[in-house]
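Below is one structure, written out as C-alpha cells; comments come after it.
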Amino acid sequence: MISNAFSSPHCFVKSLSSHAWGRALLLCATLFQIACSGVTTQPERSEEGAGQGSTDIVASGSAQRFSIAAVGDIMLGTDYPSDRLAEDSYALLASVAPVLQLADVTFGNVEGVLMDGGEARKRCTNTSRCYVFRSPASYAETLSRAGFDVVSLANNHARDFGEEGRDATMQALDGVGIYHSGRTGDIAYWEQDGLRLAMIAFAPFGGSHDMLDMDGGRELINGVSSKSDILIVSFHGGAEGADATRVPFAMETFHGEQRGDVVAFARMAVEAGADLVVGHGPHVPRALELYRGRLIAYSLGNFATHWGINVRENNGVAPILLVTMNGDGDFIEGRIHSNRQQRPVGPQPDPQHQAARLIRELTLLDFPATPLTIDDEGYIKPSPAASTSLGASP
Ligand SMILES: [Zn+2]
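Adding 201 to a residue's 1-based position in the sequence shown gives its number in the numbering used here.
Now the structure itself:
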C-alpha cells in the first residue's frame with residue numbers, strides 16, 4: 202500500500218471536532234507541521250499559475266500540507282411534493298462520515314433546498330415524477346455532523362423554491378458554520394491553519410456564478426485568487442446521465458440547455474488561480490486531470506441522493522476524493538475512496554473500489570497524457586513526468 206497523508210495523526214483531528222471549534226486545534230496543526238517537516242514537497246508554483254496572494258504566506262506554504270475531501274451531489278431526502286425523508290438523516294451518512302472527516306476541509310454539492318415551508322417555484326405536471334427537492338433546514342446540522350465545511354449552492358435545484366429557498370438554505374448553513382457559494386456574489390472565504398481559503402461555485406444556470414461566461418469567470422477567479430492561498434472552484438456542469446461519463450472537449454447541451462464546455466472552463470479556472478477544481482452535475486463520475494500542477498475532477502457524480510435520483514450502475518457510484526496539496530495549492534497526492542449508494546441505507550464503502558477503477562479508466566481514455574497514476578485502491582500520485590511537465594493533455 203502506498204503511504205498517504207491521510208494516515209497522519211493530524212488527519213483524525215477533525216473527527217473529534219465540529220467545524221465550529223476546529224480552529225481551536227491550532228496546537229495540533231502546529232504539531233502536525235513539526236511532524237511533517239522534511240516531507241518532500243513539490244517545486245514552487247510555475248509562473249503560469251497566476252494570481253497567488255501574499256508572498257509571506259506563499260514562502261512558507263510550500264512546506265505545509267493541507268487536505269480537502271470532495272464529493273458530488275447530496276440530496277438527503279425531500280418532503281415535497283410528498284414526504285420522502287429518511288427516518289434518521291444522519292444514518293444516511295454514518296458509514297462514510299469517518300472518511301469525510303479525514304480531511305482539513307470537506308466539500309459537497311447540496312442539490313436542493315434546506316428549508317421549512319416556502320413555495321415551490323418549479324411546477325410539476327406529473328406529481329409522481331416531480332423532481333423538486335426540499336429537505337428540512339435541520340439537515341444543515343446533519344451535514345455539519347458528517348464533516349462538511351463548505352458546500353456549493355450553484356446547481357439546477359438550488360432555486361427549486363426560488364431565491365427565497367436559497368436564502369433559507371444559506372441561513373441554515375450559516376447557523377451551523379458551513380460555508381457556501383452559489384448565488385452570484387456569494388463566495389466562501391475563511392481562514393484555517395494559517396491559510397486563507399476560498400470557494401466559488403459556478404453553474405450554467407441563472408442566478409449563479411455563470412460557467413458559460415468565461416471572461417467573467419476568469420476575472421472573478423483571478424480576483425478571489427489574489428485574496429486567498431488555496432482556492433477551490435466548483436462547477437455543476439456537463440450533460441447528465443449514465444452515458445455522460447466522457448468529456449467531449451466541447452460545449453455540452455442537455456434538455457436544450459447549454460451545460461458548459463467543462464474542460465475549457467476548468468483549465469481556465471486553473472490558469473486564473475484555482476488550486477482544485479471540482480465538477481459535478483452529470484450524476485456519474487468523470488476523469489481526473491492534473492493541469493499545471495492542479496487537480497481537476499471533471500465529475501464526482503452522485504454522492505448521497507436518498508430519493509428521486511437514479512442510483513443504478515454508474516449513477517450509484519459515490520466517490521470521495523481526498524486531495525493533499527501544499528500551502529501553495531500544488532497537488533501532492535490523493536485518494537479516491539470508493540462507495541456505492543445503497544437504498545435505503547445511503548453510501549457504503551465499496552471493497553471492489555469500483556469508483557476508483559471507473560475514474561482511472563475514464564482518465565486514461567480522456568487524458569492519456571495527464572501526469573497522474575491511479576492504483577487499484579484509488580491512490581493517486583503525480584507520475585514522474587509531473588515534475589517536469591505542466592500537465593500536457595489533449
Ligand atoms: Zn444537478
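Just so you know, even glycine gets a beta-carbon here, dropped at the ideal spot from N, CA and C.
Computed from a predicted structure; not experimentally measured.
Fill in: Spatially closest choice to Pro282 from Ala292, Gly313, Arg322 and Val333, by CA coordinates
Considering only alpha carbons, the answer is Val333.
Item to complete: Could you check what DSSP says for Pro569 in three-state terms: helix, strand or coil?
Response: Here Pro569 sits in coil by DSSP.
Discussion item. Less than 7 Å between the beta carbons of Val485 and Asn516, yes or no?
Written reply: Their beta carbons are under 7 Å apart, which means Val485 touches Asn516 by this criterion.
Worksheet item: Since Leu354 is in the beta strand (DSSP E), which residue starts that stretch and which ends it?
Response: Careful: Leu354 lies outside any beta strand (DSSP E) and carries neither H nor E.
Worksheet item: What do you reckon, is the C-beta of Gly482 under 6 Å from a heavy atom of ligand 1?
Response: Residue side-chain check: Gly482 places its Cβ nearer than 6 Å to a non-hydrogen atom of ligand 1.
Worksheet item: For Glu288, which three-state DSSP category applies?
Response: Annotated three-state conformation of Glu288 is coil, per DSSP.
Worksheet item: To which residues of the same chain is Cys325 closer than 6 Å at the C-beta, ignoring the five residues directly before and after it?
Response: Correct list, in chain order: Cys331.
Practice prompt. Give a yes or no on whether the C-beta atoms belonging to Pro337 and Asp361 are separated by under 7 Å.
Written response: When the beta-carbon positions are compared, Pro337 and Asp361 stay at least 7 Å from each other.
Fill in: Touching by the beta-carbon criterion (3+ pairs, under 8 Å), the segment 378-385 and the segment 535-543
Counting Cβ pairs under 8 Å, fewer than three are found: no touch.
Item to complete: Identify which residue in Pro520, Asp567, Ala369 and Ser500 has its Cα closest to the Cα of His554.
Response: Nearest C-alpha to His554: Pro520.
Practice prompt. Reducing DSSP to helix, strand and coil, say where Pro585 ends up.
Written response: Three-state result, Pro585: helix.
Worksheet item: Which ranges does the alpha helix (DSSP H) cover as unbroken runs of at least 4 residues, wholly within the segment 454-535, from first to last along the chain?
Response: Runs found: 463-473.
Practice prompt. Return the chain-ordered list of same chain residues with a C-beta closer than 6 Å to the C-beta of Asp305, the five sequence neighbours on each side being excluded.
Written response: Phe267 and Ser268.
Worksheet item: Residue range of the beta strand (DSSP E) that Arg541 falls in?
Response: Taken as a continuous stretch (DSSP letters only), the beta strand (DSSP E) holding Arg541 covers Asn540 to Gln543.
Discussion item. With a threshold of 8 Å, are at least 3 pairs of Cβ atoms found where one atom belongs to the segment 549-568 and the other to the segment 306-314?
Written reply: Contact annotation: the segment 549-568 does not touch the segment 306-314, with fewer than three C-beta pairs closer than 8 Å.
Discussion item. Please state the DSSP three-state secondary structure of Arg335.
Written reply: Strand at Arg335.
Worksheet item: Within 6 Å: the Cβ of Asn503 and any heavy atom of ligand 1?
Response: No; taking the cut-off as 6 Å, the Cβ of Asn503 has no heavy atom of ligand 1 nearer than that.
Item to complete: Mind listing, in chain order, the continuous alpha helix (DSSP H) runs of no fewer than 4 residues lying wholly within the segment 365-426?
Response: Taking 4 residues as the shortest admissible run, the segment 365-426 contains the following complete alpha helix (DSSP H) segments, listed from N- to C-terminal end: 415-426.
Worksheet item: Just checking, does the segment 540-556 make contact with the segment 441-458 on the three C-beta pairs under 8 Å criterion?
Response: Result no; under three Cβ-Cβ pairs closer than 8 Å.
Practice prompt. Determine the burial state of Ala443: buried for a count of at least 16 other Cβ atoms within 10 Å of its Cβ, exposed for fewer.
Written response: Classification for Ala443: exposed.
Worksheet item: What's the gap between the Cα of Gly273 and the Cα of Gly482?
Response: Near 8 Å, if we compare the C-alpha coordinates of Gly482 and Gly273.
Discussion item. Suppose only complete runs of 4+ residues qualify. What are the alpha helix (DSSP H) ranges in the segment 292-350, listed by chain order?
Written reply: Secondary structure remark: continuous alpha helix (DSSP H) runs of at least 4 residues inside the segment 292-350, in chain order: 292-295, 298-301 and 340-347.
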